[in-house]
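>
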Amino acid sequence: MRDEVLAFLRQNAGKFVSGQHMSEACKVTRTAIWKHIQNLRKQGYKIESFTKKGYRLLEEPDLLLPAAINKRLETKTFGREYHYFDQLPSSNKELRKLADAGAAEGAVVVTESQVSGHGRLNRGWYSPHAKGLWFSLLLRPSFVPQEAPKCTLMAAVALTKAFHELGLSEAGIKWPNDILVHGRKLVGILTEMNGSMEQIDYIIMGIGINTGSTKDEFPEDIREIATSFAMEGVDVDRCQALALILKHLEDQYQKVLKEGFASTLEEWKKLSVTINQDVEVRAPGNTYEGLALDLDQDGNLLVKTKTGQIERIVAGDVSIRPAKKK
Ligand code: ADP
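Numbering (our numbering), first residue to last: 562 to 887.
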């Protein structure tokens, strides 16, 4: 229904369409039409309205439409198979279905909004309409399953490099799966693997990047911890940003396939905001503080505890927070 209203406005772009006309054509009341218009406005459509004249579409939000992305893509495979949605429960779930049906490496699912986007441990991921880049990328690597967790680190490196290029020079990586700006979370990465102990069938990288949300728009529980390009004062064209990010992801992935993870882990350390910081480690039933020393070759975090012991922390069931200031 919302699509029908939008189609009418688009067909008459620049001209007024009366509410009466749309309500008759869509067989709903004029109040229903007005409600759809309100919803479209909330999503970033600029629609003018005048009594007697009706509604006129002035501007559309910069949607991640396939043609707009394709025009800007400079990749060989990443994003060449492009599945686009206005809304999804979760982009990872959708891509999993496509992967099971045989989708090729580099396929992406992009959605303007997610209803039940999630982070690690099933924590929710706030994904409002056209205010971020919410997408999932399919990989079918030949390396062993034990290497899969390193894909998160690889993605974090690629994204951070892309952000620097987009003008967000303060972006840095927090182990293992966040990108922060001034201590606030800009990105979440959720890596999911399908396969056996011996072989990876596929890896799905779910990536959520806040672009347009303002502080007031974030839900209260994350208002003080989240940030966006807009909040950092950097204007991004989402289409351009997505194309650039896919290019960086592809380049970084190719590097890993050719050279292994070692050089990417070195890059990770340079872009990290975790190394050399006092951190609080929250493992199930065990919270302690220490100094984040280094990454090992498997991408695990080495933390020196107060007693001088070195703990090797495996991503997955652990959260890292800055240590409380004394
Ligand atoms: P953690 O930060 O504990 O490693 P995740 O990386 O899985 O957890 O991210 C999920 C958490 O991120 C949520 O519990 C919530 O606090 C926060 N969050 C949810 N949506 C957003 C968002 N759009 N931007 C920033 N942070 C978010």
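Cβ coordinates follow ideal geometry from the N, Cα and C atoms, glycine included.
Kindly list the residues whose CB is nearer than 7 Å to the CB of GLY690, restricted to its own chain and excluding five residues on each side of it in sequence; keep chain order.
According to the sequence displayed, residue 690 carries His and not Gly. Only GLN604, GLU673 and SER674 meet the Cβ criterion.
> According to the Cβ coordinates, are ALA804 and ILE630 closer than 9 Å?
Contact: yes.
> DSSP three-state call for TRP695: helix, strand or coil?
In the structure shown, TRP695 sits in a strand (DSSP, three-state: E or B).
> Return the first residue and the last residue of the beta strand (DSSP E) that VAL864 is part of.
Looking at the DSSP string, the run of the beta strand (DSSP E) that includes VAL864 is 862–866.
> At which residues does the alpha helix (DSSP H) containing MET758 begin and terminate?
No alpha helix (DSSP H) contains MET758, which DSSP labels as neither H nor E.
> Which one of ALA660, TYR814, SER652 and ILE806 has the shortest CA to CA distance from LEU634?
Residue ILE806 is the option with its Cα nearest to LEU634.
> Within 10 angstroms of its Cβ, does ILE871 collect 16 or more other Cβ (buried), or is it exposed?
Per the 10 Å Cβ criterion, exposed.
> Alpha carbons only, please: which of VAL797, GLY846, VAL840 and GLY860 is nearest the one belonging to SER824?
Of the listed residues, the one whose Cα sits closest to SER824 is GLY860.
> Using 8 Å as the Cβ pair cut-off and three pairs as the minimum, do the stretch 811–826 and the stretch 705–725 touch?
Output reads yes: the stretch 705–725 touches the stretch 811–826.
> Can you tell me the Cβ-Cβ gap for GLN813 and VAL718, rounded? I've got them flagged as a contact below 8 Å.
Right, the Cβ-Cβ distance comes to about 6 Å (below 8 Å), so this counts as a contact.
> Please state whether DSSP places HIS597 in a helix, a strand or coil.
HIS597: helix per DSSP, three-state reduction.
> Any heavy atom of ligand 1 closer than 8 Å to the beta-carbon of LYS746?
It does: the Cβ of LYS746 is within 8 Å (strictly closer) of some heavy atom of ligand 1.
> Three-state secondary structure (DSSP) at GLU621?
In this structure, GLU621 counts as coil in the three-state DSSP scheme.
> Just checking ILE783 against ligand 1 - is the residue's beta carbon closer than 8 Å to any of the ligand's heavy atoms?
Under cutoff, so the answer is yes.
> Which of helix, strand or coil does DSSP assign to VAL817?
Three-state DSSP puts VAL817 in a helix.
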